[in-house]
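S.K.: In the numbering used here, the protein residues as written are 164 to 813.
The C-beta atom is built at its ideal place from N, Cα and C for all residues, glycine as well.
(1) If you draw a straight line from the C-alpha of residue 416 to the C-alpha of residue 486, how long is it?
(2) My output table needs one value for residue 594: the three-state DSSP class, helix, strand or coil.
(3) Chain C beta carbons: is any one of them nearer than 8 Å to that of residue 219?
(4) In three-state DSSP terms, what is residue 176?
(5) Does the count of Cβ pairs from the segment 174 to 194 and the segment 272 to 290 closer than 8 Å reach three?
(6) Would you report the Cα separation of residue 412 and residue 737, rounded to the nearest angstrom?
(7) May I ask you to verify whether the segment 387 to 406 touches the segment 341 to 354, counting CB pairs closer than 8 Å and requiring at least 3?
(8) Give a yes or no on whether the C-beta atoms belonging to residue 543 and residue 653 are separated by under 8 Å.
(9) Going by beta carbon distance, what residues of the same chain come within less than 8 Å of residue 322, once the five residues before and after it are set aside?
(10) Note down the Cα distance separating residue 172 from residue 392, rounded to an integer number of angstroms.
(11) Quick one: what does DSSP say residue 713 is sitting in, helix, strand or coil?
(12) Quick check: the Cα distance between residue 385 and residue 247, rounded to an integer number of angstroms?
(13) Mapping DSSP to helix, strand and coil, what is residue 181?
(14) Work out the CA separation of residue 305 and residue 243 for me, nearest whole Å.
(15) In the DSSP assignment, the alpha helix (DSSP H) including residue 389 goes from what residue to what residue?
(16) Just to confirm the assignment: which complete alpha helix (DSSP H) runs, minimum length 4, are found wholly within the segment 706 to 755?
(17) Residue 579: which of 249, 688, 316 and 699 sits nearest, CA to CA?
(18) Look up residue 491 in the DSSP assignment and say whether it is helix, strand or coil.
(19) Which residue wins for smallest C-alpha separation from residue 365, given the options 453, 607, 251 and 241?
(20) Just reading off the alpha helix (DSSP H) that residue 214 is part of, what are its end residues?
(21) Going by CA-CA distance only, name the one from 497, 601 and 555 that's closest to residue 472.
(22) Counting C-beta neighbours from all protein chains within 10 Å, is the total for residue 221 16 or more, i.e. buried, or is it exposed?
(23) Quick one: Cα of residue 408 to Cα of residue 735, how far?
(24) Identify the residues that DSSP records as bridge partners of residue 369: which are they?
(25) Note down, in chain order, each residue of its chain lying with its Cβ closer than 7 Å to the Cβ of residue 538, except the 5 sequence neighbours on either side.
(26) Need the endpoints of the alpha helix (DSSP H) that residue 273 sits in, please.
(27) Taking the beta strand (DSSP E) that residue 228 falls in, what are its first and last residues?
(28) For residue 276, which of 382, 530 and 312 has the nearest alpha-carbon?
(29) What are the partner residues of residue 244, as DSSP defines its beta bridges?
(30) Residue 688 by DSSP, collapsed to three states: which one?
(31) Please name the residue, chosen from 448, 655, 795 and 452, that lies closest to residue 371 on a Cα-to-Cα basis.
(32) Between the C-alpha atoms of residue 352 and residue 418, what's the straight-line distance to the nearest angstrom?
(33) From the DSSP secondary-structure annotation, give me the bridge partner or partners of residue 479.
(34) Among 338, 339 and 381, which residue has its Cα nearest to the Cα of residue 355?
(35) Grab me the residues of residue 507's own chain with a C-beta within less than 7 Å of its C-beta, minus the 5 sequence neighbours each way, in chain order.
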C-alpha cells in the first residue's frame with residue numbers, strides 16, 4: 164500500500180465541482196465564460212489523470228495507492244472519505260476525463276444559441292464531479308453518495324429542455340427506475356457491511372478490507388454461501404438500473420430526449436458504464452459464488468440479444484445507438500458473470516470511444532439536418548465528409564471488424580464465453596451479427612443512401628440542436644471545428660485503442676499482489692476471430708443487400724420479421740407491463756389510503772370526536788333546568804353523600 168502520492172486525485176475530483184460553482188455564481192449570464200470554465204474544469208483533470216497514470220506506472224511500479232480520512236467515526240461504525248488508485252481506476256479516469264473533454268468541446272458549439280447554455284455546462288460539470296467520485300471512491304458509502312449525485316446530474320441533463328413534456332417525463336422515468344434499483348443496492352451494501360464483521364473483526368465499508376475479508380470468510384465457511392448470493396445480487400441491482408440491464412433498461416432509450424452531447428457522455432461512455440465499473444470494483448463479492456455469477460451472466464446475455472432486436476426496428480438514429488449501448492453493456496455484464504473482469508473493462512474502454520464517436524456523429528447530422536429520423540437523412544458523404552467517415556469508422560469498430568478496437572475487446576469476451584459456456588457463446592455471437600446488421604442499416608439509410616428530403620431551411624428554432632442551420636441552398640454543411648475535432652480524435656482512438664495493451668495493463672496489478680488481480684486470455688483464438696469476423700461481415704452484407712436502395716415506407720425489416728416485428732416494436736411489452744404494475748400498485752395503495760382516510764380519520768377521528776362532544780354536551784345541558792327546586796334537591800343529595808362518605812371514612 165503506497166500513500167506518498169501527489170495530491171493529483173483531489174485535483175481530478177474537485178476541479179469539475181469548482182467549475183460548476185464558478186459558473187453558477189459568476190457566469191450564468193455569460194455563456195462564453197461558462198463554456199470556458201467548464202472546459203477547463205474537465206481538461207485539467209484529464210491532464211492530471213495522465214500525470215497520475217505516468218506516476219503510478221513509472222514511480223510506483225503499478226502499486227496500489229489509497230488514502231482515507233475519517234468522516235464519521237463512532238463506536239462500531241466508521242465512514243471514510245478517500246481514494247483508491249489502481250490500474251482499473253487509472254483507465255476509468257482517463258476514459259471519463261478524455262471522452263468528457265471531447266464532449267465538452269463539442270458542446271461549446273453544439274449548444275450555442277440555447278437560452279440555458281450556462282446551466283447546461285454547470286450541470287455537465289456537476290456530472291463530471293459525481294462520476295469521478297464514483298471512480299475514485301475507496302468505500303461503499305462514498306461510492307453510493309456519488310452514485311446518487313450522478314443520478315441527480317443525469318436527471319438535470321435528460322430533462323434539460325424541461326419545457327418539452329417528453330423530456331421532463333424522460334427525466335422522471337430515468338430517476339424513478341434507478342431509485343427502484345438503488346433501493347436493492349442500499350440493502351446489499353448494508354448486508355455486506357454486516358457480513359464483514361461475522362468473523363469477529365470490526366465491520367467495514369472499505370473496498371480493500373472487504374477484498375481480503377469476504378473471500379476468506381467464504382472460504383472458511385463462516386457465513387452460509389446463500390447470504391453471499393443474496394448480498395451480491397442486491398448490490399447487482401444497482402448495476403441493473405444504472406447500466407440498463409434487463410428488465411430495467413427501459414429508461415435509457417427515453418433518455419435520448421436530452422441533448423445529444425449528454426447522450427454521448429452520460430448514456431454511452433460514462434454513467435451507464437458506472438454499473439459495470441462498480442461491479443468490477445466489488446468483484447470479490449460474487450467471484451467465488453457460482454449462483455450469483457450465473458445469474459449475472461444470464462441477465463447480460465438476455466440484455467444483449469433483446470436490446471439488439473430493439474435496435475433493428477428503430478428509425479430514430481439516437482434510439483438505435485441507445486439500444487446498441489444497452490446491448491454492448493450486456494456484453495460487459497456477461498463477461499463479468501463469466502469471471503472476466505479484465506475483459507469487461509477492456510470492452511468498456513473501447514466502447515466508450517466508438518460509441519461516443521457515434522453519438523457525436525449523430526449529433527452532427529441532427530445539427531445539420533434538423534431531424535433524428537434516419538429516413539429523412541442520407542447523402543452526407545460529400546456534404547459532411549468528416550462526420551460521415553468518422554461515423555462509418557465508429558460503426559466498423561462497433562461491428563468488431565479487425566483491426567479496429569471493437570474487434571479486440573469483443574473477441575476477448577467471445578473467447579471467454581467459448582471457454583466457459585457454449586450456450587452463452589452462441590448468444591453473444593448472434594448478438595454480434597445483429598449489431599453488424601442494424602448498424603449497416605443505419606449507415607446506408609442515414610449516411611450513404613440518397614437524401615430523402617431537403618435539409619430544413621432557416622426558421623424558428625425550438626432547441627439548441629437546431630442552432631446550426633442548413634445553408635441557404637438547402638444543403639447540409641459540415642459542422643464547425645469544435646465539433647469535428649472531437650470526432651477525429653475519437654475516430655483515431657476507435658481504430659488504435661485495441662493496440663494499447665489495456666488487458667495487460669489492467670492485469671498488471673496481479674503481479675504486485677493486488678487482491679483483485681486475475682488471469683486474462685492472451686493471444687488470438689483463431690476460431691473465435693474467424694467466426695466473429697464472418698458473422699459481422701455477414702450482417703454487413705445482408706444489411707447492404709437490403710438497405711442499399713431502400714426507400715421510406717418500404718423498410719425490409721418489417722416484412723422480414725413478420726409477426727415478430729409487432730412484438731419488438733412494442734418493446735416486448737415491458738413498458739406496458741411496468742406501467743400496468745405501477746398503476747396497480749398506485750391504485751391499490753390509493754385504495755387502502757382512501758379507506759383509512761374515510762373509515763378511520765374522517766368517520767372515527769373527525770366525525771367520531773364531533774359525535775362524542777355532541778353527546779357529552781347534551782347530557783351536561785340537561786343538568787341546567789333553571790328550576791330552583793331541582794337545584795335544591797341536587798344540593799341536598801350532595802350534602803347527604805358528603806356526610807355519608809365522611810362518616811364512612813371515620
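M.R.: In terms of the structure at hand:
(1) 7 Å
(2) helix
(3) Here there is only one protein chain, and chain C is not present.
(4) helix
(5) yes
(6) 10 Å
(7) yes
(8) no
(9) 330, 331, 333, 334, 335, 420 and 421
(10) 34 Å
(11) coil
(12) 28 Å
(13) helix
(14) 7 Å
(15) 388 to 405
(16) 719 to 724 and 726 to 732
(17) 688
(18) helix
(19) 241
(20) 194 to 217
(21) 601
(22) exposed
(23) 14 Å
(24) 302
(25) 478, 608, 615 and 715
(26) 250 to 273
(27) 228 to 237
(28) 530
(29) 232
(30) coil
(31) 448
(32) 27 Å
(33) 536
(34) 381
(35) 439, 443, 495, 498 and 499
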